[in-house]
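Since the structure comes first, as structure tokens, the remarks are kept for the end.
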Amino acid sequence: MSLNIVLLEPEMPANTGNIGRTCVATGTVLHLIEPLGFHLDDRSIKRAGMDYWEKLDVRRYINFEDFKEKNPGAVIYMATTKARKVYTEVQYEKDCYIMFGKESAGIPEEILKDNAKRCVRIPMNDEIRSLNLSNSVAIMLYEALRQQEFASMKLEGDLHRLSWD
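Sequential numbering of the sequence shown, starting at -16, is according to my numbering.
Written out as structure tokens, the structure reads:
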């Protein structure tokens, strides 16, 4: 069981590449719902994801309906600036899905309304419309991982040339 990040119609390859790298680092599955604003062989995805892209568990869907059909019973939290609940107010299940909309418009309001109880937001000042997509994914994903005590993740680092002792 692992967490899942869902990108609905992502537009910017660099964001998707960064998110892919974060998913590899955390053992998270990345779900991409078309249409995509780029090709998956785009150099900017590879550059942002570096050499990690080949290690990524990435799944594609032709639309949101296809995603729902292939993931029946999925518990989906929807990240949106329109939510009434803060992302830290929920308990993320070990195999839940955290969904983000495209950079220019977010998740369509029809989808949000149908899933109102699972809509969550990242607090921010009124002066800004939204955070960068890859930053938002990292913030919410690491909160879910923290709640699960970073299960199966390396919690300590080592120095390369010296020792901590």
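For each residue, glycine too, the CB sits at the ideal point set by N, CA and C.
- Here Leu124 has Leu(-14), Ile(-12), Thr5, Thr9, Thr11 and Ile81 as same chain residues with Cβ atoms under 7 Å from its own Cβ, once five neighbours each way along the sequence are excluded.
- Rounded to whole angstroms, Pro(-7) and Leu142 show a C-alpha spacing of 37 Å.
- Arg43 is bridged by DSSP to Leu15.
- By the Cβ rule, the stretch 59 to 76 counts as touching the stretch 99 to 110, because three or more pairs are nearer than 8 Å.
- Straight through space, the alpha carbons of Ser113 and Leu138 are spaced by roughly 31 Å.
- Judged by their CB atoms, Tyr44 and Glu86 are not nearer to each other than the 8 Å cut-off.
- Between the C-alpha atoms of Thr(-1) and Asn46 there is a straight-line separation of about 17 Å.
- Taking the C-beta atoms as reference points, Ile90 is found no nearer than 8 Å to Leu15.
- In this chain, the alpha helix (DSSP H) harbouring Arg129 covers Leu116 to Gln130.
- Met136 and Lys77 have their C-alpha atoms spaced approximately 14 Å apart.
- Taking the CA atoms as reference points, Glu93 sits about 24 Å from Ser117.
- Looking at Glu126, Ala(-3), Glu72 and Ile111, the one whose alpha-carbon comes closest to that of Val103 is Glu72.
- In the three-state reduction of the DSSP assignment, Arg101 falls in the helix class.
- Put simply, of Ala127, Gly140, Phe133 and Trp147 the residue whose alpha carbon is nearest the alpha carbon of Tyr75 is Ala127.
- The beta-carbon separation of Ile59 and Asn98, rounded to 7 Å, stays under the 8 Å limit for a contact.
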